[in-house]
Amino acid sequence: MKTTPARLLLALAFAVASAGVLRADERGSRLGAAMDAQTDITDIAPLPKHPGGAAPPAGKPDRRNRDRAGGDPAEVAGLPPLPLAAIGVVDSPSSFCTGTVIGPRIVLTAAHCVFDEYGNVRLPESFLAGHGDSGTQVEARIVEAFVPPRFNLETFNKTNDIDGLDWAILELDQDIGEITGMVEIAAFDRKALKSYDGGSRTFVQIGYGEEDGDRVTIRRDCTVMEAWDDGTFGHDCGSVSGDSGGPDLALIDGRWQIIGIESAEIDTDNLHGVDMAVSASSFAREAARHR
-6 MKTTPARLLL
4 ALAFAVASAG
14 VLRADERGSR
24 LGAAMDAQTD
34 ITDIAPLPKH
44 PGGAAPPAGK
54 PDRRNRDRAG
64 GDPAEVAGLP
74 PLPLAAIGVV
84 DSPSSFCTGT
94 VIGPRIVLTA
104 AHCVFDEYGN
114 VRLPESFLAG
124 HGDSGTQVEA
134 RIVEAFVPPR
144 FNLETFNKTN
154 DIDGLDWAIL
164 ELDQDIGEIT
174 GMVEIAAFDR
184 KALKSYDGGS
194 RTFVQIGYGE
204 EDGDRVTIRR
214 DCTVMEAWDD
224 GTFGHDCGSV
234 SGDSGGPDLA
244 LIDGRWQIIG
254 IESAEIDTDN
264 LHGVDMAVSA
274 SSFAREAARH
284 R
């Protein structure tokens, strides 16, 4: 039986947002190619998960250490620069989330970022691409949003029934992708996700968590702790409020690609406060249709 405490959403407060539905069209590019999982990964049944309640409540700073070790923040161990210009703040008057440019005027974020605290859908105001201490690389107004029709905030908070639907596609009022760059999506199955278990098989998580305000946080050497059949996976990055919708990036074919986005914190039968992400397999096809 599932436990009932509401999970910690990683949006700061609740993103104040309305949504009409973008009509899918045939624009868009191919999905990022998924890498084959290592053959020695044992495909055992995943640990049951439950709505979380073990992390600091939304709106409170998280005191865990976050990686800010020297050098250019866009570089990871001499690898290609991270696409920080394409990652930014999904901004509302009283809250914010993180989003990523995936098309000329399309941004990917979490579905719960376009709901208010009463479960009503409201449109965020703007997207601040490449936002940082020195300003914003480009700002655009958010004019439309697509949320999976079956997503319901109350159901998401209290159950595990629709976790894989916590994604949203935002349309901007102008093309910015040529300025910021556009990040590809790599749709992995459960076995491939579980292969990201350490060593050279790790990923990077990026977000605008609440305690740093205008400063983006890069968490390196993240590993997958568990992957579930509903299109979600648990990891050890340490996400906090404000990181919702932020990308989990893996280096694939020499390019950083999105393998998931930040969603919430959940519990399993023997682990508490596990960071949960929505796998790119949940949204890759629809995202390609909107691009």
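Letter by letter, the sequence shown follows residues -6 to 284 in our numbering. Quick reminder that beta carbons are idealized off the backbone N, C-alpha and C, glycines included.
Nearest to Q198 by alpha-carbon distance, out of L77, L40, K42, P41, is L77. When only Cα atoms are considered, L72 and R194 end up about 14 Å apart.
Across the set F149, R248, R278, the C-alpha of F149 shows the shortest separation from the C-alpha of G112. Assignment of F149 by DSSP, reduced to helix, strand and coil, places it in the helix class.
If you ignore the 5 residues before and after T173, its C-beta comes within less than 7 Å of the C-beta of A78, A79, V94, A122, G123, Q130, V131, all in its own chain and listed in chain order. H283 sits close to I99, with the two beta carbons spaced by under 8 Å.
With fewer than three CB-CB distances shorter than 8 Å, the stretch 179 to 193 does not count as touching the stretch 142 to 162. Inclusion of D241 and G253 in the CB contact set at 8 Å is warranted, their separation being smaller than that value. For the pair G238 and C106, the CB atoms are nearer than the 8 Å cut-off.
Taking 8 Å as the cut-off, the beta carbon of G224 is found closer than this to the beta carbon of S274. Residue pairing by DSSP puts Q198 in a beta bridge opposite R212, D241.
If you draw a straight line from the Cα of G202 to the Cα of A281, it is about 27 Å long. Nearest to V271 by C-alpha distance, out of R183, R208, I245, V209, is R183.
Of the residues D159, I211, Q167, the one whose Cα lies closest to the Cα of A133 is Q167. Nearest C-alpha to S256 among V209, V233, G191: V233.
Shown here, R115 sits in coil according to DSSP, grouped into three states, outside any helix or strand. Distances from the alpha-carbon of R208 to those of P86, C90, L40, P74 put C90 closest. Boundaries of the alpha helix (DSSP H) harbouring R278: 277 to 283, taken from the DSSP string. Proximity to L75 across E110, W249, A277, T261 peaks at W249, based on C-alpha coordinates. With a 10 Å radius around the Cβ and a threshold of 16 neighbouring Cβ atoms, S88 comes out buried. The closest CA to that of D236, considering only S119, A243, E258, is found on E258. The C-beta distance from L101 to I162 rounds to 6 Å, short enough to fall under 8 Å. Non-local C-beta neighbours of G227 in its own chain, meaning closer than 6 Å and more than five positions away in sequence, comprise M218, E219, V267, M269, ordered along the chain. With a cutoff of 8 Å on beta-carbon distance, K42 and T210 are scored as not near each other.
A Cβ-Cβ contact shorter than 8 Å links F120 with G92. Counting only runs of 4+ residues, the alpha helix (DSSP H) found wholly inside the stretch 167 to 199 occupies 170 to 173, 183 to 187, in chain order.
Residue nearest to P39 within the set N263, R212, F276, G200 is N263 (criterion: CA-CA distance). Rounded to whole angstroms, the gap between the alpha carbons of V83 and D190 is 30 Å. For E118, the closest alpha carbon among the candidates A243, D214, S85, F196 is that of S85.
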